[in-house]
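Enquirer:
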Amino acid sequence: MFIYCAFDKDQDMPRYAGEALVSATSLRRHTDKPIHLATNNRRFVERHARRPAWPFDNVTMVEGDDAPKTFKVRAIANMDGDCVFLDGDTFIFADLSRVFEFSPFDLAGVREPARNALTSIEAAIEYEASLKYALNSGVLFIRGGFAQTLSERWLAHYLRRLERLGPTAFDQPSLRASLSLLDADVLVLPNNYNFRLQFGGLVAGPVFVVHTHYPHDLAKLIKRDFPAEDVDRLINHVGRINDEFAFETLPPVRGGSLYKLDLKRTGWRGPPLHKRVWRALKDP
Numbered sequence: 200m201f202i203y204c205a206f207d208k209d210q211d212m213p214r215y216a217g218e219a220l221v222s223a224t225s226l227r228r229h230t231d232k233p234i235h236l237a238t239n240n241r242r243f244v245e246r247h248a249r250r251p252a253w254p255f256d257n258v259t260m261v262e263g264d265d266a267p268k269t270f271k272v273r274a275i276a277n278m279d280g281d282c283v284f285l286d287g288d289t290f291i292f293a294d295l296s297r298v299f300e301f302s303p304f305d306l307a308g309v310r311e312p313a314r315n316a317l318t319s320i321e322a323a324i325e326y327e328a329s330l331k332y333a334l335n336s337g338v339l340f341i342r343g344g345f346a347q348t349l350s351e352r353w354l355a356h357y358l359r360r361l362e363r364l365g366p367t368a369f370d371q372p373s374l375r376a377s378l379s380l381l382d383a384d385v386l387v388l389p390n391n392y393n394f395r396l397q398f399g400g401l402v403a404g405p406v407f408v409v410h411t412h413y414p415h416d417l418a419k420l421i422k423r424d425f426p427a428e429d430v431d432r433l434i435n436h437v438g439r440i441n442d443e444f445a446f447e448t449l450p451p452v453r454g455g456s457l458y459k460l461d462l463k464r465t466g467w468r469g470p471p472l473h474k475r476v477w478r479a480l481k482d483p
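According to my numbering, the sequence shown is numbered sequentially starting from 200.
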């Protein structure tokens, strides 16, 4: 099963439900497994559920005034069997279910983007150890037997953060703390499974999940009421990221429009990655 959670404060401005529709449409190209949507935007569902290209197998309506991310954490508890949770602002370009065949694990995901400058081997080792549970919560592969346990612990920790920090509190620190307390068996995946285009960076081989914000393009889709041909055109455009398979570097997206970015990869001309990292540590 795949699951999305979309909470829109204004049902006439379906930012999150619309993103989920685009992402699930790209996902449906690669799987026949159930795709579930949990959303509060009843108006959006009623308007689009009859469209021929509707990608969702079932929809759960959620109600309440809680912080939107609490609905996301609660939705994980309702997963049936091995499941993949996906943020709406993702584009899918492969069959993701094969991750469950890689090895035993409780949860698999991609690490948060590294923002620390490392100046020694000791610092690199310490930083690496600290990242064991530092996973981006936008793409998570969860074993069925672990979903309920994770959801309960994650939600309890996140609600405490909400009390202290208010509705803008991030959910990822709570995920990290919960995985540590549960001593979870975590499989860290390469960036190919959750490539955050807004940060750019290095990638080897095809990208299976592109994760990025695209407010300008989304606004146009909302205005046009998500015509299937426009949705497909955007997915195909982002899919150009896989025009070449090699060790490459991609620039970050800053403009808010995916159409303004040349997604064809730029070949890496520098030394091999392991030599480049060693040089940075040796000569900061």
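Even glycine gets a Cβ: it sits at the ideal position worked out from N, Cα and C.
Taking the alpha helix (DSSP H) that Val244 belongs to, which residues open and close that run?
Expert: By 1-based counting over the sequence shown, the position of residue 244 is 45. Run containing Val244: Arg241 to His247, per the alpha helix (DSSP H) assignment.
Enquirer: What do you reckon, are the CB atoms on Tyr392 and Val298 nearer than 9 Å?
Expert: Here residue 392 refers to the residue found at position 193 of the sequence shown. Here residue 298 refers to the residue found at position 99 of the sequence shown. Yes. Within cutoff.
Enquirer: Drop a sphere of 10 angstroms on the beta-carbon of Gly337, count the other beta-carbons inside from all chains shown, and report buried for 16 or more, exposed for fewer.
Expert: For the purposes of this step, residue 337 is taken as the residue at position 138 of the sequence shown. It is buried - the Cβ of Gly337 has at least 16 other Cβ atoms within 10 Å.
Enquirer: Straight-line CA distance for Ala205 to Arg250?
Expert: By one-based count along the sequence shown, residue 205 stands at place 6. By one-based count along the sequence shown, residue 250 stands at place 51. Between Ala205 and Arg250, the C-alpha separation is close to 19 Å.
Enquirer: DSSP three-state label for His436, please.
Expert: For the purposes of this step, residue 436 is identified with residue 237 of the sequence shown, where counting begins at 1. Reduced to three states, the DSSP call for His436 is helix.
Enquirer: Identify every run of the alpha helix (DSSP H) within the segment 318-389, keeping only runs that are complete inside it and at least 4 residues long; order them along the chain.
Expert: 320-329, 343-364 and 371-380
Enquirer: Distance check for Gly287 and Leu334, CA to CA, integer angstroms please.
Expert: By 1-based counting over the sequence shown, the position of residue 334 is 135. By 1-based counting over the sequence shown, the position of residue 287 is 88. Those two C-alpha atoms are separated by around 17 Å.
Enquirer: In this structure, does DSSP put Tyr413 in helix, strand or coil?
Expert: Within the sequence shown, residue 413 is the residue found at index 214, counting from 1. Three-state result, Tyr413: coil.
Enquirer: State the beta-bridge partners of Leu306 as determined by DSSP.
Expert: Taking the sequence shown and counting its residues from 1, the one referred to as residue 306 is at position 107. The beta-bridge partner set that DSSP reports for Leu306 consists of Ile341 and Val385.
Enquirer: If you draw a straight line from the alpha carbon of Gly365 to that of Asp442, how long is it in whole angstroms?
Expert: Stepping through the sequence shown from its first residue, residue 365 is reached at position 166. Stepping through the sequence shown from its first residue, residue 442 is reached at position 243. Each residue's Cα considered, the two are about 43 Å apart.
Enquirer: State whether the segment 394-412 contacts the segment 260-276, with contact taken as three or more CB pairs (one from each stretch) at a distance under 8 Å.
Expert: No: fewer than three Cβ pairs fall under 8 Å.
Enquirer: On the premise that Val385 lies in contact with Leu306, defined as a C-beta separation below 8 Å, what is that separation, rounded to the nearest angstrom?
Expert: Position 107 of the sequence shown, counted from the start, is the residue given in the question as residue 306. Position 186 of the sequence shown, counted from the start, is the residue given in the question as residue 385. So it is a contact: roughly 6 Å between Cβ atoms.
Enquirer: Is it buried or exposed for Thr224, if we count other Cβ within 10 angstroms and need 16 for buried?
Expert: By 1-based counting over the sequence shown, the position of residue 224 is 25. Answer is buried; the Cβ neighbour count reaches 16.
Enquirer: Measuring CB to CB, does Phe284 end up less than 9 Å from Val409?
Expert: Taking the first residue of the sequence shown as 1, we reach residue 284 at position 85. Taking the first residue of the sequence shown as 1, we reach residue 409 at position 210. The Cβ atoms of Phe284 and Val409 do not sit closer than 9 Å to each other.
Enquirer: Counting only the same chain and skipping the five closest in sequence on each side, list residues whose C-beta sits under 6 Å from that of Ser379.
Expert: In the sequence shown, the residue the question calls residue 379 occupies position 180. Within the same chain, Ser379 has close Cβ partners Tyr332.
Enquirer: Go through the segment 243-288 residue by residue and report every complete run of the beta strand (DSSP E) that reaches 3 residues or more, in order.
Expert: 257-260 and 282-285
Enquirer: When the Cα atoms are used, what is the spatial distance from Gly308 to Thr238?
Expert: Here the question's residue 308 lines up with position 109 in the sequence shown. Here the question's residue 238 lines up with position 39 in the sequence shown. The C-alpha of Thr238 is placed about 23 Å away from the C-alpha of Gly308.
Enquirer: Taking the straight line between their C-alpha atoms, what separation do you get for Asn390 and Glu311?
Expert: For the purposes of this step, residue 390 is taken as residue 191 along the sequence shown, with counting starting at 1. For the purposes of this step, residue 311 is taken as residue 112 along the sequence shown, with counting starting at 1. Cα to Cα, the separation comes out at about 10 Å.
Enquirer: Could you give the residue range of the beta strand (DSSP E) that holds Leu401?
Expert: Stepping through the sequence shown from its first residue, residue 401 is reached at position 202. Segment Gly400 to Ala403, the beta strand (DSSP E) holding Leu401.
Enquirer: Below 7 Å CB to CB, which residues in the same chain sit around Phe301 once its five sequence neighbours on both sides are set aside?
Expert: For the purposes of this step, residue 301 is taken as residue 102 along the sequence shown, with counting starting at 1. Excluding positions up to five away in sequence, the list reads Leu386.
Enquirer: Tell me whether Val430 sits in a helix, a strand or coil according to DSSP, three-state version.
Expert: By one-based count along the sequence shown, residue 430 stands at place 231. Look at Val430 here: in three-state DSSP terms it is helix.
Enquirer: In whole angstroms, what separates the C-alpha of Arg227 from that of Leu354?
Expert: Here residue 227 corresponds to residue number 28 of the sequence shown, with the count starting at 1. Here residue 354 corresponds to residue number 155 of the sequence shown, with the count starting at 1. C-alpha separation (whole angstroms): 29 Å.
Enquirer: Can you have a look at Asn435 and say buried or exposed, based on whether 16 or more other CB atoms are within 10 angstroms of its CB?
Expert: Locating residue 435 in the sequence shown gives position 236, where the first residue counts as 1. Exposed, by the Cβ-count rule.
Enquirer: In this structure, does DSSP put Phe299 in helix, strand or coil?
Expert: The residue labelled residue 299 in the question sits at position 100 within the sequence shown. In this structure, Phe299 counts as helix in the three-state DSSP scheme.
Enquirer: Between the alpha carbons of Thr269 and Met200, how many angstroms are there, rounded?
Expert: Residue numbering aside, residue 269 sits at position 70 when the sequence shown is read from its first letter. Residue numbering aside, residue 200 sits at position 1 when the sequence shown is read from its first letter. In a straight line, the C-alpha of Thr269 is about 20 Å away from that of Met200.
Enquirer: Express the C-alpha separation of Ser350 and Leu358 in angstroms, rounding to a whole number.
Expert: In the sequence shown, counting from the first residue as 1, residue 358 sits at position 159. In the sequence shown, counting from the first residue as 1, residue 350 sits at position 151. Cα to Cα, Leu358 sits roughly 12 Å from Ser350.
Enquirer: Assign Lys271 to one of two classes, buried (16 or more other C-beta atoms within 10 Å of its C-beta) or exposed (fewer than that).
Expert: Numbered from its first residue, the sequence shown carries residue 271 at position 72. So Lys271 counts as buried.
Enquirer: Beta carbon of Phe340, beta carbon of Leu388: below 9 Å?
Expert: The residue given as residue 340 occupies position 141 in the sequence shown. The residue given as residue 388 occupies position 189 in the sequence shown. In contact: Phe340 and Leu388 (Cβ atoms closer than 9 Å).
Enquirer: Of the choices Ala266, Arg241, Gly263 and Asp265, whose alpha-carbon is the least far from that of Asn257?
Expert: If you number the sequence shown from 1, residue 257 lands on position 58. The residue with the shortest Cα to Cα distance from Asn257 is Arg241.
Enquirer: Pick out whichever of Pro267, Phe255 and Pro233 has its Cα sitting closest to the Cα of Arg214.
Expert: Indexing the sequence shown from 1 puts residue 214 at position 15. That would be Pro267, whose Cα lies nearest to the Cα of Arg214.
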